[in-house]
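So the structure is just underneath, and the comments pick up after that.
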Amino acid sequence: MERLVKAFQNSVRAFSRLIRTEAAFQQEIMLLAVALPLGWFVAGTWGGYALLIGSILFLITVEVLNTGIEAACDAVSREFNIDIQLAKDCGSLAVLISIVIVLGVWGFAIVERMLGLPI
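As structure tokens, this is what we get:
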């Protein structure tokens, strides 16, 4: 049980730091706050709602991992290094792919809703 408490404390510390210092994380949390009520009107079913909100939570997860990669790389060296650049670029690409997934999921849901189809 002590490990769970410490893991929770570490997570709260990370969340607190990210929400104070990382603009992308702040924007994604605001997106989630808007999506929570909006998603129900778009989806209309619990499964569709879970898919919509889950896609945004996936984006936030990838953003957190990308920030961790960047922090680890910066801790190793702030000087230019081709391998560090690749690690950071790969993290950025993962965020971009996650954004495309969110746009696709929400886009399909909105189109289906406009056409009167259940999601």
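Read in order, the letters of the sequence shown are residues 4 to 122 in the working numbering.
Just so it is clear, CB atoms sit at the ideal spot from N, CA and C, and this is done for glycine as well.
Residue L54 holds the alpha-carbon nearest to the alpha-carbon of V108 among L54, S80 and E31. Proximity to A38 across R23, G57, L21 and R116 peaks at G57, based on C-alpha coordinates. The alpha-carbon separation between V105 and L62 amounts to approximately 7 Å.
One thing to note: I87 has its Cβ no nearer than 8 Å to the Cβ of V45.
In the DSSP assignment, G71 falls within the alpha helix (DSSP H) that extends over W49 to V79. In the three-state DSSP reduction, L118 falls in the coil class, being neither helix nor strand.
The residue from S19, I72, D92 and T64 with its alpha-carbon nearest to that of E31 is T64.
Boundaries of the alpha helix (DSSP H) around F18: E5 to T24. Within 10 angstroms of the beta-carbon of E82 lie fewer than 16 other beta-carbons, which makes it exposed. Across the set E73, M4 and V98, the C-alpha of E73 shows the shortest separation from the C-alpha of K91.
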